[in-house]
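Numbering (our numbering), first residue to last: 12 to 475.
Glycine included, every Cβ here is placed at the ideal spot set by N, Cα and C.
Heads up: the structure comes next, in structure tokens.
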RNA sequence: GCGCCGGUGCCCGAGCGGACCAAGGGAACGGCCUGCAAAGCCGUAAAGCCGCGGGUUCAAAUCCCGCCCGGCGCUCCA
């Protein structure tokens, strides 16, 4: 018992998080196929599991977080072919972009980042066991899992086999060689000019789902605690992963967690609609956007489709600035002294924990943080003894969700002796009560995107 | 067609049976503070009642039924 409840997709309801091993959480989250720019949806997904991991750790649990990279797949092959490069070059390029973007979003590095191509031997072995169990068969195009033989195959999507069959092929033509349209490839026989690995069934490459089973069970072991991913993966990906594990009788994930999708201006992002947004674009647009996007993600429950648009990004930035403003005030008055001492407002901490324990209720948790922020500011105005403790609480709780609260403007590096000089000149003018000059200088700073605040401790500037 | 999820203020978004009926963020308005601002604080306005119509209940935004609208999925997909 951890006191934490999570919505479990298999059960279809809230379930207490019960761990395989007390105090330790084995978490597997499906990562991206690296063939192009990561988009905002990838970011939401990664952020969801980063927050889950951070919260579990904040609760004192020892988490092992595994997030895979799919580095061999049709899309990578297509792109490599188009660009006249090798698949591994393409994958390496986009994997690097993905990692860079994750770092800019303050996503903690998972403890393991397995690549599919590093696990092919294990996958081949796994497929062999499925074959031994009589649960799969070969055709001219590969090895297929016989879905009809898996008890409760559709349980994760809550659909019966017949139901699934009825809509199979609705969007993709069915391979006639398969025994059942639902049967899916464990191993894809090599086609000319495609990368391939040897196997008992001839050269080829692994099917998508076998990757995650081999890696999750291989790293975390049977009966690991949480399997996560986007809710678009429930079927077929997770359903098929689960089927593969079931086919060989291995206990799979104890809890299934899925994050919802992200819409832009009310509809799903897509290249054809022209509302496709990459994470790099978003991050490059404003230095505060990394934290603002995380906050935006947190303000919607992870199981609900979230909306993103420029106004929402702006409002999230404004909220981040309030966090930073508190830190500035605290630093200027010495009210930051409780940080790291463990002193904190227990009522706020309790409310935060209650919100998060209830299926990772980040919107409420964020509300608690801002409520505390408000109390901290009021305490700062009244110079009461509570201020340092409240400030420390805000910083700690925000940190537990991965939102950094920065006192001085978080450097976009190239700081600006020019700005410093203008600020100093303005201050000199103010001291001479030359308001006209002071205001003109403030105008110049404003044109540079800099806001000056006059505090009892002197002027402080930041980027708008 | 089948399945899933939604529809709460100007925008986003919590709440999912009961403290006179809605957290938090953004935007707005008034006041305090300030040389003026910014930041902050105090306060106000705004949902004639939480898509519409029924129902259950002492009590519903919260449960049930029907309808309308929207989004997503149905082996590319976070």
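- In the DSSP assignment, residue 319 falls within the unbroken beta strand (DSSP E) covering 317 to 319.
- In the displayed model, residue 96 falls within coil according to three-state DSSP, outside both helix and strand.
- Here residue 67 has 36, 74 as same chain residues with Cβ atoms under 7 Å from its own Cβ, once five neighbours each way along the sequence are excluded.
- Exposure of residue 395 is indicated by the presence of fewer than 16 other C-beta atoms within 10 angstroms of its C-beta.
- If you check the CB distance, residue 220 and residue 242 do not come in under 7 Å.
- Under DSSP, residue 270 forms a beta bridge with 241.
- In this structure, residue 415 and residue 380 do not form a Cβ contact; the two beta carbons are roughly 13 Å apart against a cut-off of 8 Å.
- Residue 473 and residue 368 have their C-alpha atoms roughly 36 Å apart.
- Judged by DSSP secondary structure, residue 38 falls within the beta strand (DSSP E) whose first and last residues are 35 to 40.
- By the criterion of a C-beta distance shorter than 7 Å, residue 141 is surrounded in its chain by 147, 156, 197, 255, 258, 259, once the five residues flanking it on both sides are discounted.
- Closest by C-alpha distance to residue 407, out of 357, 291, 452, 176, is 357.
- Counting only runs of 4 or more residues that sit fully inside the segment 392 to 472, the alpha helix (DSSP H) segments are 397 to 411, 428 to 442, 446 to 458, in chain order.
- The closest CA to that of residue 89, considering only 45, 272, 138, is found on 45.
- Within the same chain, and ignoring the five residues on either side of residue 16 in sequence, the residues whose Cβ sits closer than 7 Å to its Cβ are 25, 26, 27, 28, 368, 369, 370.
- Taking the C-beta atoms as reference points, residue 337 is found nearer than 7 Å to residue 387.
- Check the Cα spacing between residue 178 and each of 392, 320, 193: the tightest is with 193.
- Of the candidates 224, 262, 166, 312, the residue whose Cα lies closest to the Cα of residue 246 is 166.
- Contact between the segment 225 to 245 and the segment 263 to 273 is present: 3 or more CB-CB pairs across the two stretches fall below 8 Å.
- Apart from the 5 residues on each side of it in sequence, residue 317 sits with its Cβ closer than 6 Å to the Cβ of 273, 311 in its chain, given in chain order.
- Rounded to the nearest angstrom, the gap between the Cα atoms of residue 125 and residue 159 is 31 Å.
- Going by DSSP, residue 149 is part of the beta strand (DSSP E) stretching over 147 to 150.
- Boundaries of the beta strand (DSSP E) around residue 215: 215 to 217.
- Annotation: the continuous alpha helix (DSSP H) that includes residue 363 extends over 357 to 368.
- The three-state secondary structure of residue 27, taken from DSSP, is strand.
- Pairing residue 213 with residue 200 gives a Cβ-Cβ distance under 7 Å.
- Between residue 232 and the set 39, 208, 114, the nearest pair of CA atoms involves 39.
- Going by beta carbons, residue 383 and residue 404 fall inside the 7 Å limit.
- Residue 14 carries a coil assignment under DSSP once its states are collapsed to helix, strand and coil.
- Each residue's CA atom was taken as its position, placing residue 151 and residue 57 some 38 Å apart.
- In the DSSP assignment, residue 154 falls within the unbroken beta strand (DSSP E) covering 153 to 156.
- Residue 196 is bridged by DSSP to 155.
- Just so you know, the alpha carbons of residue 307 and residue 313 end up roughly 11 Å apart.
- Annotation for residue 256: no beta strand (DSSP E) segment contains it, though the alpha helix (DSSP H) segment containing it runs 250 to 258.
- The Cβ atoms of residue 64 and residue 48 lie no closer than 7 Å to each other.
- With 16 or more other Cβ atoms from the protein chains shown falling within 10 Å of its own Cβ, residue 319 counts as buried.
- Membership of residue 78 in the beta strand (DSSP E) is indicated by the continuous run 73 to 78.
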